[in-house]
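If you're matching positions, the sequence shown starts at 123 in our numbering and goes up one per residue.
C-beta: ideal position from N, C-alpha, C; glycine also.
Shown next, in structure tokens, is the structure this report addresses.
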Amino acid sequence: MDTAQLTSDQFARKYEYDDGSVIAVDLGTAVPEPSVDLVDGTVIVVADDEQYEFDLPVEQTDAHTFIKNGVLTIELEDNA
123 MDTAQLTSDQ
133 FARKYEYDDG
143 SVIAVDLGTA
153 VPEPSVDLVD
163 GTVIVVADDE
173 QYEFDLPVEQ
183 TDAHTFIKNG
193 VLTIELEDNA
């Protein structure tokens, strides 16, 4: 599992599995309705007046994103 700090209060964790990986980012509950979109290998999160962008690894072509209870989840399938 890898952990990275995005801002002073947001952390991302990456979990590796046999068939892919999952990146989880705790956005917190301060913003009631953040939105997420995936465009050309970039995950875009809009929360209040802030926008965050996360580039997916080049080798990852299939990803699923969603936000639930303030946690952004990015599911990456293994392309091997």
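Boundaries of the beta strand (DSSP E) in which residue i is found, first to last residue
i	result
D177	172-177
E199	193-199
G142	142-148
V167	164-169
T151	Counting along the chain, T151 falls outside any beta strand (DSSP E), and DSSP gives it neither H nor E.
D159	157-161
Top-ranked residue by Cα proximity to residue i, from the options
i	options	result
G142	D184, L194, V193	D184
F176	T195, Y137, E199	T195
E199	D148, Y139, F133, R135	Y139
V161	K190, G192, H186	H186
Y174	I145, V144, L149	L149
T164	L178, T151, P154	L178
Test item: CB-CB of residue i and residue j under 8 Å
i	j	result
V167	V158	yes
E197	V144	yes
I189	P156	yes
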